[in-house]
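Student: Under this note's numbering, think of the first position of the sequence shown as 61, with each following residue one higher. Backbone N, C-alpha and C fix where the C-beta goes; we use that ideal spot for every residue, glycine too.
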Amino acid sequence: MGHLSPFLALIVLLGTSVCGECDLGRPRGRILGGYEAPPHLKPYMASLQVDGKHVCGGFLIAEQWVLSAAHCLEDKHGKPFQVLLGAHSLSQPEPHKRLYGVRAEIGHPGSSTETYDDDLLLLQLEEKAILNEHVKILPFQRQDRDVPTGTVCEVAGWGKMSHTGKLPDKLQQVERPVISREVCNRRAHHDNTITEKMMCTDSKKKDTCTGDSGGPLVCNGIAEGVVAAGSRVCGNYKKPGIYTRIPPYVDWIERVMASAN
61 MGHLSPFLAL
71 IVLLGTSVCG
81 ECDLGRPRGR
91 ILGGYEAPPH
101 LKPYMASLQV
111 DGKHVCGGFL
121 IAEQWVLSAA
131 HCLEDKHGKP
141 FQVLLGAHSL
151 SQPEPHKRLY
161 GVRAEIGHPG
171 SSTETYDDDL
181 LLLQLEEKAI
191 LNEHVKILPF
201 QRQDRDVPTG
211 TVCEVAGWGK
221 MSHTGKLPDK
231 LQQVERPVIS
241 REVCNRRAHH
251 DNTITEKMMC
261 TDSKKKDTCT
271 GDSGGPLVCN
281 GIAEGVVAAG
291 SRVCGNYKKP
301 GIYTRIPPYV
311 DWIERVMASA
321 N
């Protein structure tokens, strides 16, 4: 058997190198399984930043307003948010990229660190955004009806490339099919925690991850949901992606925006 040892050593060596790349047990994160978005074709995307670093996503819903997730307030540790608009790369100079100060941060009064409920945040910019081909408002759904199961929607963000790794510099995107609330609420999935104000997408191998919270779920060109924050493990097919549906909150959104002007 001695003459086999170099062969066995080679097998062990190959096995180590291949499986070192696999890392099968841990989701890789980022927009998991996604790809770099075509530059500036999602001109509504916002990067919520603290001390010049991306912490959450968001999107422009009016000239002076960005919608995001209330849980993102936990990530700023008492420091002020700034909102980057017009960006594809977070670091490179781009013609219409601009950082805006935030005048007001209004989390939904029903939001809580304990649940996914009412996970919405409105940010009023210090001044109206300068609209151009790289900075545009995204319309949101006002009709309160569920997106049909199987509808393929898209989500984008600068979320982490792994649970411990660096954030990508350039905007990533992924397409995911909507799954029914009934399926999402199965015991093996989210066990009856998904309310009528939430929706879910399939998370098998492709998913949102840390840092994508607050970004829009866009179906047929309209924002239907907002990526919910929380401790869900990205890319775990048993834990579908959770989004806060926008239609049930249209009155709240419009009331907040109207009262601030």
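#1: Val207: buried (16+ other C-beta within 10 angstroms of its C-beta) or exposed?
#2: When the Cα of Glu284 is compared with those of Phe200, Val310, Gly295, which residue comes out closest?
#3: Inspect the CB distances between the segment 137-149 and the segment 108-122 and report whether three or more fall short of 8 angstroms.
#4: Determine whether the beta carbon atoms of Val143 and Cys132 lie at a separation below 8 angstroms.
#5: Check whether the segment 155-164 and the segment 182-195 are in contact - that is, three or more C-beta pairs closer than 8 angstroms.
#6: Would you say the segment 95-102 touches the segment 255-262, given that touching needs at least three Cβ pairs under 8 angstroms?
#7: Does the beta-carbon distance from Gly219 to Ser128 come in below 8 angstroms?
#8: Would you mind reading off the limits of the beta strand (DSSP E) that contains Ala283?
#9: Since Arg236 is in the beta strand (DSSP E), which residue starts that stretch and which ends it?
#10: Under three-state DSSP, which class holds Arg315?
#11: Lys230: which of Val316, Tyr297, Leu150, Val162 sits nearest, CA to CA?
#12: Using three-state DSSP, classify Gly75 as helix, strand or coil.
#13: Does DSSP put Val115 in a helix, in a strand, or in coil?
#14: Using the C-alpha atoms, what's the distance from Ala320 back to Lys188?
#15: I'd like the span of the beta strand (DSSP E) that includes Val110, first residue to last.
#16: Per DSSP, what kind of secondary structure is Asp251 in: helix, strand or coil?
#17: Using 10 angstroms around the beta-carbon of Arg246, count the other beta-carbons present and answer buried if the total reaches 16, otherwise exposed.
#18: Could you work out which residue in Leu185, Pro169, Leu180 is closest to Arg163 when comparing CA atoms only?
#19: Closer than 7 angstroms by C-beta to Pro307: which residues in its own chain qualify, once you throw out the five before and the five after it? Chain order, please.
#20: Would you call Tyr297 buried or exposed, if buried means 16 or more other Cβ atoms sit within 10 Å of its Cβ?
#21: Nearest CA to the CA of Met317: which residue from Ala106, Leu181, Leu145?
#22: Helix, strand or coil: which one does DSSP assign to Asp267?
#23: Assuming Thr211 and Pro237 make a contact with CB atoms under 8 angstroms, what is their CB distance in whole Å?
#24: Answer yes or no: do Gly167 and Asp272 have a C-beta to C-beta separation smaller than 8 angstroms?
#25: On a Cα-Cα basis, can you pick out the residue from Met105, Val126, Glu96 that is closest to Glu314?
#26: Around the C-beta of Tyr337, are 16 or more other C-beta atoms found within 10 angstroms, so that it is buried, or is it exposed?
Tutor: According to the data block:
#1: Burial call: buried.
#2: The alpha carbon of Glu284 has as its nearest neighbour, out of Phe200, Val310, Gly295, the alpha carbon of Phe200.
#3: Judged by pairs of C-beta atoms under 8 angstroms, the segment 137-149 touches the segment 108-122, as three or more such pairs exist.
#4: If you check the CB distance, Val143 and Cys132 do not come in under 8 angstroms.
#5: The segment 155-164 makes contact with the segment 182-195; the number of CB pairs closer than 8 angstroms reaches 3 or more.
#6: Not touching, per the Cβ criterion.
#7: Result no, Cβ atoms of Gly219 and Ser128 do not sit closer than 8 angstroms.
#8: Residues 282-287.
#9: Looking at the DSSP string, the run of the beta strand (DSSP E) that includes Arg236 is 232-239.
#10: Note: Arg315 maps to helix in three-state DSSP.
#11: Here the closest residue by C-alpha is Leu150.
#12: Only weak support is given to the placement of Gly75: the predicted model assigns it a pLDDT of 36, under 50, and the question is left unresolved by the model.
#13: Note: Val115 maps to strand in three-state DSSP.
#14: Their backbone Cα atoms lie some 13 angstroms apart in a straight line.
#15: Where Val110 is concerned, the enclosing beta strand (DSSP E) stretches over 105-110.
#16: In this structure, Asp251 counts as coil in the three-state DSSP scheme.
#17: The residue is exposed, with fewer than 16 neighbouring Cβ atoms inside 10 Å.
#18: Among Leu185, Pro169, Leu180, the Cα nearest to that of Arg163 belongs to Leu185.
#19: Gln201, Arg202, Gln203, Asp204, listed in sequence order.
#20: Flag for Tyr297 reads exposed.
#21: Looking only at Ala106, Leu181, Leu145, the smallest Cα-Cα distance to Met317 is reached by Leu181.
#22: Here Asp267 sits in strand by DSSP.
#23: That belief holds up - the Cβ atoms of Thr211 and Pro237 are roughly 7 angstroms apart, short of 8 angstroms.
#24: Cβ distance not < 8 angstroms, so Gly167 and Asp272 don't count as in contact.
#25: Among Met105, Val126, Glu96, the Cα nearest to that of Glu314 belongs to Val126.
#26: Look at the range of the chain in this structure, 61 to 321, and you will see that residue 337 is not part of it.
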